[in-house]
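Heads up: the structure comes next, in structure tokens.
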Amino acid sequence: MEERARSCLLRSKATLEQDIKASYLMDHMVSDGVLTNDEEATVLNKVTRREQATALLEVLLRKDNRAYISLYNALIRESYGDLANLLHSDLPLLSPEGEKSFADGVSPSVQAILSDGGVPQRPVVFVSRPALLNLIRQKLYQLQKTPGWVTVFGMAGSGKSVMAAEAVRDHALIKECFPDGVHWLSVGQCERADLLVRMQSLCFRLEQGQSSEASNRPACSVEEAKERLRFLILRRFPRSLLILDDVWDSSALRSFDIQCRVLLTTRNRGLTDSVSGTRSEVPVENGLDQDKALEILALYVNGKPQKLPEQARSIVSECKGSPLVISLIGALLREFPDRWSYYLRLLQKKQFKRIRKSSSYDYEALDQAMDASLQVLEPEHQHLYRDLSIMQKDVKVPAKVLSVLWGLELEEVEDVLQEFVNKSLLFRDCNQRPYLYYLHDLQLDFLTEQNRDQIAELHKKMVRQYQLFYNESPPRSGDQECSYWYHFLPYHMAKAGLSKELYSLMFSLDWVKEKAQVMGSAHLINDYVEYGEILDKENSEVRLQFQEFLSLNGHQLEHRPFPDVVQLALSQPACSEVYRQALMQAQRRASRGQLYLDWVNKNNQDSLSRLVMHPHQGSIYYACFSKDGSKIASCGASKTLRVCKTTSGEKLLELQAHDEDVLCCAFSLDDRQIATCSSDRKVKVWNVERGLLIKVFGEEHEEQINHCQFTNTGRRVLLATCSNDKFTNTKLWNPNKKTSQNTMFGHMEPVNHCCFSPNDAYLATSSNDGTLKLFEVSSANEWKSIDVNSFFPESDDEVKAIVKCSTWSADGSRIICAARNAVFVFDVETSDMLLEMKTSRLSTIQYCHACPNSSLLAVALSHYTVELWNFETSKKKAECNGHLSWVHCVQFSPDGSLLLSSSDDQTIRLWETDRVHTTSAVALKRDTDVLFSLSDVTIVAADSRNRLQVQTASTGAILYESEELPSRIRCTCISRNGAFVSLGTADGSVQTGRVKVRQFLKNVGWRTLQLLNLQRDFVLALGLETGV
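Residue numbers (my numbering): 7 to 1034.
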């Protein structure tokens, strides 16, 4: 350090020690590279503030000129203008080498201008945001020829100040637009007296070098300071830029309305409405994307983004990438690098007061920064803003909903919301009309925590206001406001503790009809699942009745025109509350002339499920049989592994298996071990008998592990896993070794499923890249690759058909895979496609499994059903209904006698293969005839096996059943006295009783038959396709 600068620092030492707060100044000096982290820690270890100041000055006295300049700039930025004045006259010059290192890549001339103007240095940890930076600079270039205002606005902690400072670190921008300098002033929330002090400090900085007496006398008022600034800017610095940081109110901003070029940062978008001149705006996004946020955290802990623990991603997700939160937590982790889980818990529990850092930021804790924004609102508007505590994350609300909540006119509500938006307290989606409004997650978390004791009352207010506004009839407009009420009214009732109102709403067939018409059936089913615990306290049977009614008839509620819900509900059992309400409505409407049909023999229909288990609280992602078929293992969102008896569902073992969702489980060949894999990127092997953890593989997969499977034969025991990793997504493990035995390369996208061939020679993998690959297990080399995506001509390069899973035929000669709503059967040797089977176009196949001893294929579907297909003939054999949500997994037992399915509805259903295969497949076709008599109803129809059946409707008893006919039955009829039955087949023949008539117009074809009784004889009438 130069002797002159060192002498000045020694002279001023006593004054500095008395006034400065070292912790605030050191942040800037660490950012400048003047102080090391160890030196900062040494200073902070001192007990009192004065001792810390003394220790800091002693460290600086041992350093070079850069330390002196850094201290001076830090004093300016922290509003120690009087102390900075003590050092100004003795500011040293930098050597070219020092200038280069201090500038951190910025040219020496630009750095000198920024230093003189008090522009903050880059933070210790800085990640560029090029798009935002370029936009700010683009707006600043517009000030090249004329004064004006550029407003950078955004919510608290979005990075406005950092980006404003970074925008002027550009040689071309400074040279072309602001050659007279850049002057930074931190305004903040300040009274008029404080504002005067800040303006005096700016005037002092601009007047350096002037000799007039007037310049030595501070301005006595804000008005005088404003005039002095106007004079200085226009006469001495006409092409300079004034940066006003963190401006809160328009009165403070008007003090700088002096016809100069201004860049301001604020939370209030509308501040510049009160000043003159051209204006432009730059919005700052609320959060960083995940990659940028992880890069910042990695820089704080001196690591690489890809090596950060999973909690890092959870932290970013929890705070939606808020730069403030990321920086605060990053700084804390720099001191305590093992506290990832701790700081994540603080965020999740909304304990914002404990997320704090001793820094130069205006607020020492996150909650203080957010509360400051609320305090600038009028008291009446603060109460209205408090009501937003009941909003849900990521839910956008129309103004009309808030008009109901607040009891105000819509236009008045829109004005209030505009104020919230202008102050960055609320965000508006302008892509839809009417506009939709939403809170950032941090704002919502803060409000929720601040109003924790009033949340129930606020939800109750929402419900009562709805009941008051819609006391005559529910909303039927079909707009966003209508959708909001149907979607979230049960949520508000549940949160308000209004159980009786919730029962009345959810156990109402009218509500089912109205909501299904607006939202569809899926939302309704979800409500019964989500609020099941509350509803079950009133009547669990009624809740299940409504839920099952929707799960079995929901697909029909998607049809347009909208079906008659009352008629659908009349198909429910007579003991059902759904049926009772439907019958009452049908009777009332029938009295007014409407026609309804009541199903008289519906009680004869039995569920085909053999056993229903509820082993987990949460979605069940996978379930499988043990190799001997006596046990079932299951896993899912509950993070647990459970093993139960196949015969009764009795629990044998339950383990807290992973820290996150368990996605798959698999028995070893001897049933002594179970492997599990999870979203936590770990594979674990357990002892089934004792429930002990044997092995953990947690090092090699970097993304969630989707599937695992043991080999099928006893020659050697291997475990295959597949994951969302980009390259190393398929691995083979020897359970007795610590690391993987082989990695199979080939897929460049996540691999969803893997399975060994029956003889363990090959491993099939199914991937998001649209391919099915077969690998040789012995060498780990790719053997064959099948481009499944090519069988979907509508697919493009960006959106490929995701191959969900694959399964082998029992003999290993065919490989079967599922993608979208289709199943493909391929010959293993030739890779030729042999068959294609398509399910409903409105559904997606989640899983498929081939029966080990037949040609049956079980398919799990997103529309809550399981289908059985014959993959030899490409014919659907059965459909199993009963689940109330998506079916994630199906699997046959080792002997093929049983079939299990697991679902999001938290149940596992066990089906008897033969019973499902036969009874549900033998369905009557639509070509029927009916005879009504006083005592009963007789039905004649063809079934799905092409047999003629005659049944009694009251009991479902089969009165007559023919042999299977070689030609398809096209139509049937029964005589009025019930004595004769007639049928017509596709080959042109008609059979009636013991009489067979050969139609000579065989090639013409015909559609209908009718038997007309004429006393003892009968007449056969034919309807021909020719119209005869």
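For glycine and all other residues, C-beta sits at the position ideal for the given N, C-alpha and C. These numbers come from a predicted model, not from an experiment.
Terminal residues of the alpha helix (DSSP H) in which residue i lies
i    : result
I335 : 329–341
C183 : 177–183
E487 : 486–502
W346 : 346–354
N71  : 71–83
W517 : 515–525
L867 : Looking at the DSSP string, L867 is not in any alpha helix (DSSP H); the run it does join, the beta strand (DSSP E), is 862–867.
A963 : Segment: none, A963 is in no alpha helix (DSSP H) and carries neither H nor E.
C266 : No alpha helix (DSSP H) contains C266, which DSSP labels as neither H nor E.
Bridge partners - residue i, DSSP secondary structure assignment
i    : result
N693 : Q679
T271 : V158
R434 : Y443
R915 : V618, S907
C581 : In the DSSP output, where bridge partners are listed per residue, C581 has none listed.
G990 : C977, V996
R153 : The identity of residue 153 in the sequence shown is Pro, whereas the question assumes Arg. Answer is none; P153 lacks a bridge partner.
H889 : H889 is not bridged to any residue.
D44  : According to DSSP, which records beta bridges pairwise, D44 is partnered with nothing at all.
M839 : F832
D935 : V946
CB contact flag (residue i, residue j, <9 Å)
i    : j    : result
I75  : V116 : no
N457 : S395 : yes
L940 : V946 : no
S582 : Q551 : yes
T727 : H753 : no
R273 : P153 : no
G124 : N91  : no
G776 : A825 : yes
L511 : I531 : no
C854 : V829 : yes
Q912 : V548 : no
Q715 : F762 : yes
M32  : V53  : no
L89  : L97  : no
C760 : A770 : yes
R260 : T157 : no
Extent of the continuous beta strand (DSSP E) run through residue i
i    : result
L314 : Note, L314: premise wrong, no beta strand (DSSP E); not H, not E.
A672 : 668–673
D793 : 788–793
V809 : 809–814
F237 : Note, F237: premise wrong, no beta strand (DSSP E); alpha helix (DSSP H) at 228–241.
R285 : 284–289
E782 : 777–782
For residue i, the three-state DSSP class (helix, strand or coil)
i     : result
W254  : coil
H855  : strand
P972  : coil
V872  : strand
Q623  : coil
H189  : strand
W1012 : Confidence in W1012 is poor, its pLDDT being 42 and thus under 50, which makes the residue's placement too unreliable to answer from.
T646  : strand
K806  : coil
A462  : helix
C979  : strand
V427  : helix
N952  : coil
V831  : strand
V606  : coil
E660  : strand
R826  : coil
N758  : strand
Test: residue i CB closer than 9 Å to a CB of chain C
i    : result
I914 : In the structure shown, chain C cannot be found, because there is only a single protein chain.
For residue j and residue i, believed in contact at Cβ under 8 Å, the rounded distance
i    : j    : result
E918 : S903 : 7 Å
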